[in-house]
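S.K.: In the UniProt record's numbering, the protein residues as written are 1 to 932.
My questions will all concern the structure given below.
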Amino acid sequence: MALYSHFLVFYFFFLSSVLCQVTEFISIDCGSTSNYTDPRTGLQWISDNGIMNYGKSVEVKNPDGKFVQYQRRRDFSIDNKKYCYNLSTKERRRYIVRATFQYGSLENEDSFPKFELYLDATKWSTVTILEDSRVYVKEMIIRAPSSSIDVCICCATTGSPFISTVELRPLNLSMYATDFEDSFFLKLAARVNFGAPTEDALRYPDDPYDRIWDSDLIKRQNFLVGVAPGTVRINTSENIDIQTREYPPVKVMQTAVVGKEGTLSYRLNLEDFPANARAYAYFAEIEDLGANETRKFKLMMNPYMSDYSNAVVNIAENANGSYRLYEPSYMNVSLDFVLSFSFVKTRDSTQGPLLNAIEISKYLKIGSKTDDQDVAVLDVFRSMSTRSSWTNEGGDPCVPAQWEWVNCSSTTPPRITKIELSGKKLEGEIPPEINSMEELTELWLDGNFLTGSLPDISHLVNLKVVHLENNKLSGSLPKYLGSLPTLRELYIQNNSFSGQIPPALLTGKVIINYENNPGLHKDAAKKLHYKLILGTSISVLAVLLVLLLGSLIYLRNLQRKTSHQKSNGQGSSLLTSTKPSTAYSIGRGWHLVDDGVSYYISFSELEEATNNFSKKIGKGSFGTVYYGQMKDGKEVAVKIMADSSSHLTHQFVTEVALLSRIHHRNLVPLIGFCEEGHQRILVYEYMHNGTLRDHIHDNQKRLDWLTRLQIAEDAAKGLEYLHTGCNPSIIHRDVKTSNILLDINMRAKVSDFGLSRQAEDDLTHISSVARGTVGYLDPEYYANQQLTEKSDVYSFGVVLLELISGKKPVSTEDFGAEMNIVHWARALIRKGDVASIVDNVLIENAKIESIWRIAEVAIQCVQQRAVSRPRMQEVILAIQEASKIEKGSDGNQKIYGSGSSRGQSSRKTLLTSFLEIESPDLSNGCLVPAAR
Numbered sequence: 001m002a003l004y005s006h007f008l009v010f011y012f013f014f015l016s017s018v019l020c021q022v023t024e025f026i027s028i029d030c031g032s033t034s035n036y037t038d039p040r041t042g043l044q045w046i047s048d049n050g051i052m053n054y055g056k057s058v059e060v061k062n063p064d065g066k067f068v069q070y071q072r073r074r075d076f077s078i079d080n081k082k083y084c085y086n087l088s089t090k091e092r093r094r095y096i097v098r099a100t101f102q103y104g105s106l107e108n109e110d111s112f113p114k115f116e117l118y119l120d121a122t123k124w125s126t127v128t129i130l131e132d133s134r135v136y137v138k139e140m141i142i143r144a145p146s147s148s149i150d151v152c153i154c155c156a157t158t159g160s161p162f163i164s165t166v167e168l169r170p171l172n173l174s175m176y177a178t179d180f181e182d183s184f185f186l187k188l189a190a191r192v193n194f195g196a197p198t199e200d201a202l203r204y205p206d207d208p209y210d211r212i213w214d215s216d217l218i219k220r221q222n223f224l225v226g227v228a229p230g231t232v233r234i235n236t237s238e239n240i241d242i243q244t245r246e247y248p249p250v251k252v253m254q255t256a257v258v259g260k261e262g263t264l265s266y267r268l269n270l271e272d273f274p275a276n277a278r279a280y281a282y283f284a285e286i287e288d289l290g291a292n293e294t295r296k297f298k299l300m301m302n303p304y305m306s307d308y309s310n311a312v313v314n315i316a317e318n319a320n321g322s323y324r325l326y327e328p329s330y331m332n333v334s335l336d337f338v339l340s341f342s343f344v345k346t347r348d349s350t351q352g353p354l355l356n357a358i359e360i361s362k363y364l365k366i367g368s369k370t371d372d373q374d375v376a377v378l379d380v381f382r383s384m385s386t387r388s389s390w391t392n393e394g395g396d397p398c399v400p401a402q403w404e405w406v407n408c409s410s411t412t413p414p415r416i417t418k419i420e421l422s423g424k425k426l427e428g429e430i431p432p433e434i435n436s437m438e439e440l441t442e443l444w445l446d447g448n449f450l451t452g453s454l455p456d457i458s459h460l461v462n463l464k465v466v467h468l469e470n471n472k473l474s475g476s477l478p479k480y481l482g483s484l485p486t487l488r489e490l491y492i493q494n495n496s497f498s499g500q501i502p503p504a505l506l507t508g509k510v511i512i513n514y515e516n517n518p519g520l521h522k523d524a525a526k527k528l529h530y531k532l533i534l535g536t537s538i539s540v541l542a543v544l545l546v547l548l549l550g551s552l553i554y555l556r557n558l559q560r561k562t563s564h565q566k567s568n569g570q571g572s573s574l575l576t577s578t579k580p581s582t583a584y585s586i587g588r589g590w591h592l593v594d595d596g597v598s599y600y601i602s603f604s605e606l607e608e609a610t611n612n613f614s615k616k617i618g619k620g621s622f623g624t625v626y627y628g629q630m631k632d633g634k635e636v637a638v639k640i641m642a643d644s645s646s647h648l649t650h651q652f653v654t655e656v657a658l659l660s661r662i663h664h665r666n667l668v669p670l671i672g673f674c675e676e677g678h679q680r681i682l683v684y685e686y687m688h689n690g691t692l693r694d695h696i697h698d699n700q701k702r703l704d705w706l707t708r709l710q711i712a713e714d715a716a717k718g719l720e721y722l723h724t725g726c727n728p729s730i731i732h733r734d735v736k737t738s739n740i741l742l743d744i745n746m747r748a749k750v751s752d753f754g755l756s757r758q759a760e761d762d763l764t765h766i767s768s769v770a771r772g773t774v775g776y777l778d779p780e781y782y783a784n785q786q787l788t789e790k791s792d793v794y795s796f797g798v799v800l801l802e803l804i805s806g807k808k809p810v811s812t813e814d815f816g817a818e819m820n821i822v823h824w825a826r827a828l829i830r831k832g833d834v835a836s837i838v839d840n841v842l843i844e845n846a847k848i849e850s851i852w853r854i855a856e857v858a859i860q861c862v863q864q865r866a867v868s869r870p871r872m873q874e875v876i877l878a879i880q881e882a883s884k885i886e887k888g889s890d891g892n893q894k895i896y897g898s899g900s901s902r903g904q905s906s907r908k909t910l911l912t913s914f915l916e917i918e919s920p921d922l923s924n925g926c927l928v929p930a931a932r
């Protein structure tokens, strides 16, 4: 009876908590035109009209029909601003903050959007839309740092930034409390309901805190793959006692998966990992075991979690009975991008392992907001012009993007260095708190309606420029103005200042304009006329001297250029210069017209360097390549064009012109060229280790995984430079392993620019007859002859697949007549079977998580549609992540409790049955978090 009474008391408190929470839910439908009640959940949703003053409401094409809140979205401009939703909070209370994004079908767009999501000054996530029908959910658990928070989007790299919903859900008791919440938020990486009856996620009202529990039936790339044989789904209608710290919903605990053959195993990807994380496992015994039946199992995990593998889970024993929840929490663990875990039954267990749910969150370092004193002053200025739109800018003044009227330092925390409020209709007096803005260098308050005297600004030791003209300021100028160490400009004209100008302001050190201040005067001020004349004279002499030197240099270069002219037997000439070119043009008959191309090398010099072309080192469609050594000892590769057809001649012209103006450590440099008679020759730096193709497909030269990653990163950086570092950008058009060369240190450089094309600034693509190499050719480019940088991305994706597998792009022996490396690898990777595509040389010699990272980005690169492929910058980041995983370095800050090791903390949290629940505070009739 006492137990029953205790349960009734708890149920009353819990129900009161839930009812109070729902009234505190904030649910904003971004882009909606009216408020409404969601028929599925019963939650009240409000329109963001009047909350968000920027952007436009857009109807979503093919929205998720199950939810009203995805029928419209709010789109924002592509600019340098941030757009923020301000949410009221109670300081130090814990909340779930959630933002969702569903874009719908593309309509007159080049690509899906990609932009940044911030909470206050903390970078929350990069939102990358890859599927039009998917709802992307971003969620964090925070302890509110103040009375409000800002959810901001900004910094689009493709498409228009947008948002579908913003949600705030309060938590109670000590739910999700950590030792690190003063410095870290918890960013949700996975929350999974195992044994779910359908693919639908479970949320409110089944979860009173409106957490979203994803079904383990969801079909998503690399989500819960590698399922062990004998895994079955079970469920119960019995009530589950969920009185643990995090109160998962009963419905989630009523379903589970069981490893009937002794093992449960899964693999899934964790966004933005490797990182430190907090993880929860939820266990409830929902099968009626016989008297002699037991369920005991261990967690088999990666080396980072060896402490947990020693603990035996006995659910009924740990939870003090069946149909009761056991919730071990792993407070601080290091997890990789690919999370692989297994539960394996012990030898003395009669039943296989059971799992109801998991929850994993990344520790996300809280970003530094702008200095509080500076923000307070800016708020005063905003209150002085309430009728103006510029006062509506939200979020932090400096992070992630600066307000239009301030500049910020790069320090931690950021400080305001410039206030620019010229002509902003400010009324009232300049706030005296401005004296606390010690990093301020420029103050622009001219053209307003400011009154009163100049406040004390003696602490502004970095102040350089002050504009106060055209106001209604009065009073005297303080003497300390003349002793401000960095002050250089002071404009106070057209005010009502009076008294004497401090003499130190009239020495010439400060440019001052004080006209039209009738009561202001100067005494015995020094005349500056002589200094002005002297300064002007010196400036004129300096300019004349520069012009004279420039003329001499120009004449010398002109003489040098003339001396290098060459004539061929046809009478047409190729003019050269040692300077790199910035553009090029093609003359009649495909001869180069002088525009600053690489330097000319005579045919006789090349005969001598190559010993009459005696050592052949390669052959391609362009012609034969010979080894040579110049008189200065420089080793070179000499490529002779096979014939003088217009196509090959065009390639020759293209390569000389392009390589003369682009220079990058990951592009093979052009030393020079020769055009004599019918001979057209290109001279390159000699690459001692040949081509990447040789090393991948030659059993004698096989590379280890780290070397392959380094080569991939080098080549990707070379292509990224062509796409973004050149103006206009350059599309290589023939990316393949035989065009990636390796120098003496095995560093990769991209070569062979004969097929390359320049993009035009105002075009999204180049219409061009498809050229390239079979197996590497972008199918979209082949189909419509529209060339973009994404065509190079496709080809590079094939290169990555070669690096992983060691197989050629097209091979009837490996793939059959109807298949190629893309079809073959895509089919296996979608099944979660990356091991089947790995080069035998790499097996047991590389981390599978690292290979998975490259396999994923490779499959993204070879997507059928160009808009779904990443840019080269994103590919480089993926390769760098894979290298960190392979080297065993996650690159993240380690998080340990004060005075305790990771192992001690981990063992403590696992081996206790569950963390004690803090006593509830019943103030105001609602459960609120106890102070920590």
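From the three backbone atoms N, C-alpha and C, an ideal C-beta is built for every residue, glycine too.
Do residue 942 and residue 72 have their CB atoms nearer than 8 Å?
M.R.: No information on residue 942 is available, as it lies outside the stretch 1 to 932 that the chain covers here.
S.K.: Between 210, 164 and 184, which has its C-alpha nearest residue 172's C-alpha?
M.R.: 210
S.K.: May I ask which residues mark the beginning and end of the alpha helix (DSSP H) holding residue 663?
M.R.: Looking at the DSSP string, residue 663 is not in any alpha helix (DSSP H), and its letter there is neither H nor E.
S.K.: Identify whether residue 291 lies in helix, strand or coil by the three-state DSSP scheme.
M.R.: Under the three-state reduction of DSSP, residue 291 is assigned to coil, being neither helix nor strand.
S.K.: Can you tell me whether residue 513 is helix, strand or coil according to DSSP?
M.R.: strand
S.K.: For residue 243, does the three-state DSSP call read helix, strand or coil?
M.R.: coil
S.K.: With residue 683 as the anchor, note down where its beta strand (DSSP E) starts and where it stops.
M.R.: Here the beta strand (DSSP E) through residue 683 covers 679-685.
S.K.: Can you tell me whether DSSP reads residue 797 as helix, strand or coil?
M.R.: If DSSP states are grouped into helix, strand and coil, residue 797 belongs with the helices.
S.K.: Is residue 468 closer than 8 Å to residue 492 when the C-beta atoms are compared?
M.R.: yes
S.K.: To test your reading of the DSSP string, which unbroken beta strand (DSSP E) runs of 3 or more residues are found completely within the stretch 728-755?
M.R.: Runs of the beta strand (DSSP E) lying entirely within the stretch 728-755, each at least 3 residues long, are 740-742 and 748-750 in chain order.
S.K.: Measuring alpha carbon to alpha carbon, tell me which residue in 455, 365 and 843 is nearest residue 141.
M.R.: Of 455, 365 and 843, the residue nearest in Cα terms is 365.
S.K.: Quick check on the burial criterion: 16 or more other C-beta atoms within 10 angstroms. Buried or exposed for residue 417?
M.R.: buried
S.K.: Quick one: grab the DSSP three-state call for residue 273.
M.R.: coil
S.K.: Can you list, in chain order, the residues of its chain with a C-beta nearer than 7 Å to that of residue 107? Leave out the 5 residues immediately preceding and following it.
M.R.: 61
S.K.: Of the residues 496, 460 and 503, which one's Cα is nearest the Cα of residue 472?
M.R.: 496
S.K.: Just verifying my parser: in three-state terms, what is the DSSP assignment at residue 361?
M.R.: Correct three-state label for residue 361: strand.
S.K.: Whose C-alpha, out of 601, 477, 662 and 293, is nearest the C-alpha of residue 639?
M.R.: In terms of CA proximity to residue 639, 601 leads the group 601, 477, 662 and 293.
S.K.: Quick one: measure Cβ to Cβ for residue 238 and residue 282, integer angstroms, because I've assumed they're closer than 8 Å.
M.R.: Taking a contact as a CB-CB distance under 8 Å, the pair residue 238 and residue 282 does not count as one, their CB atoms being some 16 Å apart.
S.K.: Using 8 Å as the Cβ pair cut-off and three pairs as the minimum, do the stretch 446-460 and the stretch 399-411 touch?
M.R.: no
S.K.: Taking only the alpha-carbon atoms, compute the straight-line gap between residue 879 and residue 433 and give it to the nearest angstrom.
M.R.: 49 Å
S.K.: Could you pull out every unbroken beta strand (DSSP E) segment of at least 3 residues lying fully inside the stretch 431-456, listed in chain order?
M.R.: 442-444 and 449-451
S.K.: Looking at residue 809: is its Cβ nearer than 8 Å to the Cβ of residue 864?
M.R.: no
S.K.: Per DSSP, what kind of secondary structure is residue 520 in: helix, strand or coil?
M.R.: strand
S.K.: From the DSSP output, which residues share a beta bridge with residue 165?
M.R.: 29 and 100
S.K.: Rank 713, 154, 775 and 617 by C-alpha distance to the C-alpha of residue 689 and give the top, closest one.
M.R.: 617
S.K.: DSSP state of residue 112, grouped into three classes?
M.R.: coil
S.K.: So, using beta-carbon positions, are residue 265 and residue 313 closer together than 8 Å?
M.R.: no
S.K.: Quick one: what's got a C-beta closer than 8 Å to residue 854's C-beta in the same chain, skipping five residues either side?
M.R.: Around residue 854: 709, 712, 800, 803, 804, 878, 879 and 882.
S.K.: Could you tell me the alpha carbon to alpha carbon distance between residue 127 and residue 112, rounded to whole angstroms?
M.R.: So the alpha carbons of these two residues sit roughly 10 Å apart.
S.K.: What is the DSSP secondary structure of residue 150, reduced to helix, strand or coil?
M.R.: strand
S.K.: Residue 82 bridges to which residues according to DSSP?
M.R.: 154
S.K.: Between residue 850 and chain D, is any beta-carbon pair separated by less than 8 Å?
M.R.: Looking for chain D here will not work: only one protein chain is present.
S.K.: The beta strand (DSSP E) spanning residue 136 covers which residue range?
M.R.: 136-143
S.K.: To which residues of the same chain is residue 841 closer than 6 Å at the C-beta, ignoring the five residues directly before and after it?
M.R.: 702
S.K.: Would you identify the three-state DSSP class for residue 814, choosing helix, strand or coil?
M.R.: Of the three classes helix, strand and coil, the one that applies to residue 814 here is helix, per DSSP.
S.K.: Restricting to Cα atoms, I'd like to know which of 509, 515, 519 and 511 is closest to residue 499.
M.R.: 519
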